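Positions 39 to 387 (our numbering) are the ones given, in order, by the sequence shown.
Glycine is no exception: its CB is placed at the ideal position from the N, C-alpha and C atoms.
Since we're looking at a predicted model, the values are computed, not measured.
Written below as structure tokens is the structure these notes are about.
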Amino acid sequence: MSALPNDQRSQLEQLYAEMEPAHLTPLWEVLHALVAPTPNSPAIAHAWDYDDSRTYLMRAGDLISAEQAERRVVILENPGLPGQSAITTSLYAGLQLILPGEVAPAHRHAQCALRFVLEGEGAYTAIDGEKAIMRPFDLVLTPGWQWHDHSNPTDKPMIWLDGLDIPTVRHFDASFAEKWPEKQYPESVPPGDSLARYGRNLRPISGSTADRRPKHQPLFHYPYAEWRPALDALAASAETDPHLGHALEFLNPADGGAIMPTISAHVRLLPAGFATRPRRSTDGTVFVVVEGAGSAMIDGVTIPLTPRKIVAAPSWRSVEFKADTPLVLFGFSDKTAQEKLHLYKEDCA
Ligand code: 1HN
Numbered sequence: 039m040s041a042l043p044n045d046q047r048s049q050l051e052q053l054y055a056e057m058e059p060a061h062l063t064p065l066w067e068v069l070h071a072l073v074a075p076t077p078n079s080p081a082i083a084h085a086w087d088y089d090d091s092r093t094y095l096m097r098a099g100d101l102i103s104a105e106q107a108e109r110r111v112v113i114l115e116n117p118g119l120p121g122q123s124a125i126t127t128s129l130y131a132g133l134q135l136i137l138p139g140e141v142a143p144a145h146r147h148a149q150c151a152l153r154f155v156l157e158g159e160g161a162y163t164a165i166d167g168e169k170a171i172m173r174p175f176d177l178v179l180t181p182g183w184q185w186h187d188h189s190n191p192t193d194k195p196m197i198w199l200d201g202l203d204i205p206t207v208r209h210f211d212a213s214f215a216e217k218w219p220e221k222q223y224p225e226s227v228p229p230g231d232s233l234a235r236y237g238r239n240l241r242p243i244s245g246s247t248a249d250r251r252p253k254h255q256p257l258f259h260y261p262y263a264e265w266r267p268a269l270d271a272l273a274a275s276a277e278t279d280p281h282l283g284h285a286l287e288f289l290n291p292a293d294g295g296a297i298m299p300t301i302s303a304h305v306r307l308l309p310a311g312f313a314t315r316p317r318r319s320t321d322g323t324v325f326v327v328v329e330g331a332g333s334a335m336i337d338g339v340t341i342p343l344t345p346r347k348i349v350a351a352p353s354w355r356s357v358e359f360k361a362d363t364p365l366v367l368f369g370f371s372d373k374t375a376q377e378k379l380h381l382y383k384e385d386c387a
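Structure, rendered in structure tokens:
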């Protein structure tokens, strides 16, 4: 709104004061902020060092059990979104610890979750009674409204990154949750059953035992042992994309779309010495360093990258990666949700 004469301004202020008790406010004072010409995220580019964060998580492990906490997680809270339990405006992330012998009890909720394993091997998450035995850098999904519990029968701590669409579901006021009456949901299928059926770009031919999983979400385990060689194979055969390096998106075999309705996830390999050209996109993204060393430059700020570093890159901030050694990244964002709403944009310089 353009500048106004003092007299007009004071009469308007008087009007606003009288309107306020009626819960009425003037659009013309806020219009430009409401419909910004370009995204202007309140989120801030930020990085969490794994070892530092892990120290606090292990201290929490001394003080509260997984069962007491229901989920023993330290939230990665974006410094620009205090108190919102959000790492980007639409997504939540946290580091979850399951100590040897612990069970995080069964529950289900409307929110979709992914787990990206950072430490430990052999604990499992069970989805609707089917265990996925987890190894480092496996991606495991908990699609919305599926019963899930986590257990660690090993003798070492198990730590993973949780990514959920909590702020998105909160935005729609569509949260539902319930607890299962027992600690664990009854096991109904052998471990790895859905991976065997749907994990290799094949599916069982229809029959009485063929479709155990919900039709829209058959697969929930994407092991490192499968995706890591796929990146190498891509790098061996394809040119390096100047903005992405070698990048592969995880797919839902039901429809060839993103892994879950609100969350997309991908992995990238940047060859040693490779630097990406600047790229910005409307999907604020959480990156995890899987292997290698290098740096990220987000809006001109350089963030050193070392294994298991977690980086939040807000919407529409210029992002560049530089690989000193071969650099492997995992990333997740709300890209698929934005595409469904015809909001997604990217700009590659
Ligand atoms: C949840 O259910 C899990 O199941 C982790 O492991 C983190 C954060 C907020 C709400 C539900 C889990 C969560 C969560």
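Apart from the 5 residues on each side of it in sequence, R92 sits with its Cβ closer than 8 Å to the Cβ of L133, E157 and I197 in its chain, given in chain order. By alpha-carbon distance to D385, the top candidate from D321, A334, G118 and V366 is D321. Looking at the DSSP output, A164 sits in a beta bridge with K169 and D187. Non-local beta-carbon contacts of A212 in its own chain, meaning distances under 8 Å to residues more than five positions away in sequence, involve A148 in chain order.
Under the DSSP definition of a beta bridge, C386 partners with R317. By the Cβ rule, the stretch 308-317 counts as touching the stretch 352-363, because three or more pairs are nearer than 8 Å. Ranked by Cα distance from P261, the first of P224, A234 and E56 is A234. For A55, there is no enclosing beta strand (DSSP E); the enclosing alpha helix (DSSP H) covers residues N44 to M57.
Under DSSP, S371 shares a beta bridge with S302 and T323.
Setting aside the 5 residues that flank it on each side, G99 is surrounded in the same chain by L135 and L137, each with a C-beta closer than 6 Å to its C-beta; the list follows chain order. Cα atoms of G338 and G201: separation of roughly 26 Å, rounded to the nearest angstrom.
In this structure V326 is in contact with L367, their Cβ atoms being roughly 7 Å apart against a cut-off of 8 Å.
DSSP, reduced to helix, strand and coil, places A74 outside both helices and strands of the structure shown, so it counts as coil. The C-beta distance from Y236 to L257 rounds to 4 Å, short enough to meet the 8 Å contact threshold.
Following the DSSP letters along the chain, one finds P267 inside the alpha helix (DSSP H) bounded by residues Y262 to S275.
Within the same chain, and ignoring the five residues on either side of D231 in sequence, the residues whose Cβ sits closer than 6 Å to its Cβ are E168. Relative to the Cα of A41, the nearest Cα in the group E56, Y54 and W66 belongs to W66. In the DSSP annotation of this structure, the continuous segment of the alpha helix (DSSP H) that includes D90 starts and ends at Y88 to L101. Listed in chain order, the non-local C-beta contacts of R317 below 8 Å within the same chain comprise H281, L282, S356, V357, E358, E384, D385, C386 and A387, local neighbours out to five positions each way being set aside.
Contact holds between the stretch 116-124 and the stretch 80-87, because three or more Cβ pairs, one in each stretch, are under 8 Å apart.
For I243, the secondary structure class from DSSP, reduced to helix, strand or coil, is coil. Boundaries of the alpha helix (DSSP H) around I204: I204 to H209. The continuous stretches of alpha helix (DSSP H) do not include E115, and DSSP gives it neither H nor E.
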